[in-house]
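In what follows, a structure is listed as structure tokens, so that the remarks can point back to it.
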Amino acid sequence: MSRITRVEVERMAGLARLSLADEEAERLTGELDTILDYVDALARVDTVGVEPTAHPMPLATPLRQDRAEPGLAPDAALRNAPDAAGTTFRVPKVIEGGEA
Amino acid sequence: MATTPLGTVSELRSALDAGETTSVALLEQSLARAVELDLHAMLQLRADAARAEARAADERRAAGDVRSPLDGIPIALKDNISQDGEPCGCASRILEGYVSPYDATASARLREAGAVVIGRTNMDEFAMGSSTEHSAYGPTRNPWDRERAPGGSSGGSAAAVAAGIVPLAFGSDTGGSIRQPAALCGVVGVKPSYGRVSRYGLVAFASSLDQIGPLARTSADAALGLEVVAGPDPRDSTALPDPVPRYRDGLDGDVSGLVIGLPREYFVEEGVDPGALACVRAAVAELEAAGAKTREVSLPHTQFAIATYYLVANAEASSNLSRFDGVRYGRRAPEFADLSELYRRTRSEGFGAEVKRRILLGTYVLSAGYYDAYYRKAQQVRTLIRRDLESAFSGCDLLATPTAPDPAFRIGERSGDPLRMYLSDVYTVSASLAGAAGVSTPCGFAGGLPVGLQLLAPPLGEAVMLRAADAYERRTEWHARRPPEVS
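Sequences listed follow chains A and B, in order.
The first sequence: position 100 = 98 (the numbering used here), numbered continuously.
Going from the second sequence to the numbering used here is simple: count from 1 and add 24.
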């Protein structure tokens, strides 16, 4: 039995903002199925009562003085923008209606 | 060959101190060698900027103002470590044209130390791979056999050191990406404990696993490189606050009384090249002859490590890579009708096949209905793997294992089989999941190709780990071998 269907792969692609060509979606469905089949081995491990590890080290939250420090200047931050206007990143219109 | 390989950092420093060479001369040798060998280890050479830096290093030396043991030494950085004013592309089309507006903390510390960065090394796209074949700009060649892969993802850094283009390079290791290419190229590679080196300016793949570390010809040089980049950083809250020891001072060649554990699950014949395993067994015998004690230990969840790693790492990757959307930096698809299509086209055109595969897997295991079965389950098994290592380290100073199941494989041999490629990391991922430290050092040859010995230490155990690796190198010549084709 396959563990992931083409429909599910395409739904994941939608969530991840990827478009897949027909052949690509077909190939990925097979590959992901093989990988999921392999990782399903974890189901055999008894993990009742085991705390999940999100991070390998105990995390502290270090604090610093609440003092302004230099950050990335707006012109430096915008230098890599594919499209910028003034001090902003420009994208296609998101909200329907009204003036562009 | 018109050019000759560069020596170790220690050798180059002695020659500089004795006035036998200059930083400018070393840099020219390094640049000429990169071009002549044409291994595609380097994605880009920053020749002019590096020349200015080498001249400045020579002037400092003439004025008696040497900044550090790395002052004026040519080095190379993986293409995912940001350098102010230089491209940082992660070997991906999606970062085409991107120029970093800041230094990674590691880059800044190397710059302060006076090291001269010759350029950026090739890698698997976004560090996702074990062969450097997933670079959008084509594979790097293994200096020992051009038809073979150098390992990965830090394959460019490993090949550049093995070929004598630079004596020291830096890579990143998420599940084995420094140690495995070091083994396949016959050099030393160190994956520091999680948090030992700041990740600020390292493009994130899996944030709970990623670490920057050095690749060099000797553990002594790697120790020096690590000292320079390691330590607390106000820009990375996961960087450990503990002071950094002078690792070099502890390299006294003495391993007497050290207890080295041999995980029985790592010494089974199945799935490992017999020649490689024989080299590792001989290396363990050499450490015993030097006075180390060995004992068998067990890491019972070893068989689940790869599955756990790929679920955890790719879940984190799918989240980290959502930032590449064609809005703030990098490549934007030229044609789109609306914002949603801008995202989809940019990402579909910009990411390669392996990256898409991992983003989809990561998205799947984080999605509603699968989160508990896959992601949470993997995090729980991660706890068990971490406990396995803690338990082993309670009775041992170090663990010794093979670094990789096979010597270098042919380019193209595994690229059609993602799962087979993932198994290249079978010996390295457990330490990554546990935040432990690891080093791979050359321990022999199988079929004419280098084999690596991996030594693992508990978190912050770098000093004893490097002492043992250095002690092994003092007793053997494997690390001093050069690839015949390029010497």
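The C-beta atom is built at its ideal place from N, Cα and C for all residues, glycine as well.
Proximity to residue i [Cα-Cα], best of the options
| i | options | result |
| --- | --- | --- |
| Y451 (chain B) | B:S418, B:F229 and B:P429 | B:P429 |
| T332 (chain B) | A:G69, A:A82, A:A52 and A:N78 | A:A52 |
| S47 (chain B) | B:L384, B:D62, B:P93 and B:T427 | B:P93 |
| Y36 (chain A) | B:L490, B:A455, B:L447 and B:G472 | B:L447 |
| P482 (chain B) | B:V296, B:P98 and B:Y218 | B:Y218 |
| S155 (chain B) | B:V453, B:R506 and B:R444 | B:R444 |
| G468 (chain B) | B:G386, B:A392, B:G180 and B:P298 | B:P298 |
| V185 (chain B) | B:G274, B:D276, B:M66 and B:E293 | B:M66 |
| L16 (chain A) | B:P442, B:G96, B:S342 and B:K401 | B:S342 |
| R9 (chain A) | B:A139, B:L385, B:S261 and B:A314 | B:L385 |
| T242 (chain B) | B:L457, B:T465, B:A182 and B:D62 | B:T465 |
| L477 (chain B) | B:A206, B:L51, B:E171 and B:L192 | B:A206 |
| G354 (chain B) | B:G121, B:G31, B:G393 and B:A244 | B:G121 |
| I383 (chain B) | B:G393, B:A397, B:A339 and B:A86 | B:A339 |
| G274 (chain B) | B:A402, B:L248 and B:A397 | B:L248 |
| D396 (chain B) | A:P50, A:T86 and A:T85 | A:P50 |
| T32 (chain A) | B:A458, B:D449 and B:P442 | B:P442 |
Whole-number beta carbon distance between residue j and residue i, since they are thought to touch under 8 Å
| i | j | result |
| --- | --- | --- |
| P125 (chain B) | A75 (chain A) | 7 Å |
| R57 (chain B) | I189 (chain B) | 5 Å |
| L55 (chain B) | L36 (chain B) | Contact flag wrong, Cβ pair sits at about 15 Å. |
| A470 (chain B) | P507 (chain B) | Not a contact, Cβ separation roughly 15 Å. |
| L57 (chain A) | T387 (chain B) | That belief does not hold up - the Cβ atoms of L57 (chain A) and T387 (chain B) are roughly 25 Å apart, past 8 Å. |
| L479 (chain B) | V463 (chain B) | 5 Å |
| V140 (chain B) | A74 (chain B) | 5 Å |
| A244 (chain B) | D494 (chain B) | 6 Å |
| V279 (chain B) | A492 (chain B) | 5 Å |
Under 7 Å by beta carbon: chain A residues contacting residue i
| i | result |
| --- | --- |
| Y218 (chain B) | P54 and M55 |
| V253 (chain B) | Near V253 (chain B) there are no residues of chain A at all, since even the closest Cβ is about 18 Å away, more than 7 Å. |
| P258 (chain B) | R62 |
| F328 (chain B) | A39, L40 and V43 |
| G376 (chain B) | Within 7 Å Cβ-Cβ: nothing; G376 (chain B) doesn't reach chain A, min ~12 Å. |
| D362 (chain B) | P90 |
| T407 (chain B) | V48, E49, P50 and T51 |
| Q404 (chain B) | T45, V48 and P50 |
| V268 (chain B) | Per Cβ cutoff of 7 Å: no residues; V268 (chain B) is ~16 Å from chain A at best. |
| K401 (chain B) | L40 and T45 |
Contacts around residue i, its chain only, beta-carbon distance under 6 Å, and the 5 residues preceding and following it disregarded
| i | result |
| --- | --- |
| A83 (chain A) | none |
| A98 (chain A) | Interpretation of A98 (chain A) is limited by its pLDDT of 47, a score under 50 that renders its predicted location unreliable; the figure taken from the coordinates is listed afterwards. Correct list, in chain order: K91. |
| D349 (chain B) | Y367 |
| A461 (chain B) | P216, S217, A481, G485, E486 and M489 |
| E373 (chain B) | A357 |
| R498 (chain B) | G277 |
| F87 (chain A) | A79 |
| F229 (chain B) | F150, A151, T198 and A341 |
| D81 (chain A) | R88 |
Contact list for residue i against chain A, beta-carbon separation under 9 Å
| i | result |
| --- | --- |
| R165 (chain B) | Within chain A, no residue comes near R165 (chain B); the closest Cβ sits about 27 Å away, beyond 9 Å. |
| R368 (chain B) | A11, G12, R15, L16 and S17 |
| K102 (chain B) | Neighbours of K102 (chain B) on chain A: none; closest Cβ ~20 Å, over 9 Å. |
| V190 (chain B) | Per Cβ cutoff of 9 Å: no residues; V190 (chain B) is ~28 Å from chain A at best. |
Contacts of residue i in chain B (Cβ-Cβ under 8 Å)
| i | result |
| --- | --- |
| I2 (chain A) | Y388 |
| R77 (chain A) | V123 and P125 |
| E24 (chain A) | The contacting residues do not exist; E24 (chain A) stays about 13 Å from chain B at best. |
| T32 (chain A) | P442 and L443 |
Own chain partners of residue i with C-beta closer than 7 Å, once the 5 adjacent residues on each side are dropped
| i | result |
| --- | --- |
| E149 (chain B) | C114, A115, S116, H158, S159, A160, G376, E378 and V379 |
| R259 (chain B) | T129, S222 and Y224 |
| F360 (chain B) | L366 and R369 |
8 Å CB neighbourhood of residue i in its chain, flanking five on each side removed
| i | result |
| --- | --- |
| C420 (chain B) | V283, I284, G285, R319 and V321 |
| R4 (chain A) | A23, E24 and T27 |
| L34 (chain A) | R1 and I2 |
| A26 (chain B) | A56 and E60 |
| D127 (chain B) | S106, Q107, D108, R135 and G225 |
Closer than 7 Å: residue i CB and nearest the ligand NAD heavy atom
| i | result |
| --- | --- |
| L286 (chain B) | Summarising the ligand content, the structure contains no ligands, and the ligand NAD is consequently not present. |
Beta-carbon neighbours of residue i, restricted to chain D and to distances below 8 Å
| i | result |
| --- | --- |
| T242 (chain B) | Although the question refers to chain D, the structure presented lacks it and instead comprises the protein chains A and B. |
Where residue i meets chain A, residues with beta-carbon distance less than 8 Å
| i | result |
| --- | --- |
| T262 (chain B) | H53, M55 and L57 |
| R356 (chain B) | P80 and D81 |
| A49 (chain B) | Under the 8 Å cutoff, chain A gives no residues; its nearest Cβ is about 35 Å from A49 (chain B). |
| S342 (chain B) | A14 |
Where residue i meets chain B, residues with beta-carbon distance less than 9 Å
| i | result |
| --- | --- |
| A74 (chain A) | P125 and Y126 |
Neighbouring residues, chain B, relative to residue i (Cβ below 7 Å)
| i | result |
| --- | --- |
| V7 (chain A) | L384 |
| I93 (chain A) | None at all; the shortest Cβ gap to chain B is about 10 Å. |
| E29 (chain A) | R381 and P442 |
Quick check: the segment 498 to 506 of chain B against the segment 228 to 237 of chain B, are at least 3 beta-carbon pairs closer than 8 Å?
no
Closer than 8 Å is the cut-off here; do at least three beta carbon pairs connect the segment 34 to 49 of chain B with the segment 161 to 171 of chain B?
no
Can at least three beta-carbon pairs, one atom from the segment 416 to 433 of chain B and one from the segment 258 to 274 of chain B, be found at a separation below 8 Å?
no
Report yes or no: do three or more beta-carbon pairs, one from the segment 404 to 412 of chain B and one from the segment 316 to 334 of chain B, lie closer than 8 Å?
yes
Should the segment 132 to 148 of chain B be called in touch with the segment 97 to 104 of chain B, which here means at least 3 C-beta pairs below 8 Å?
yes
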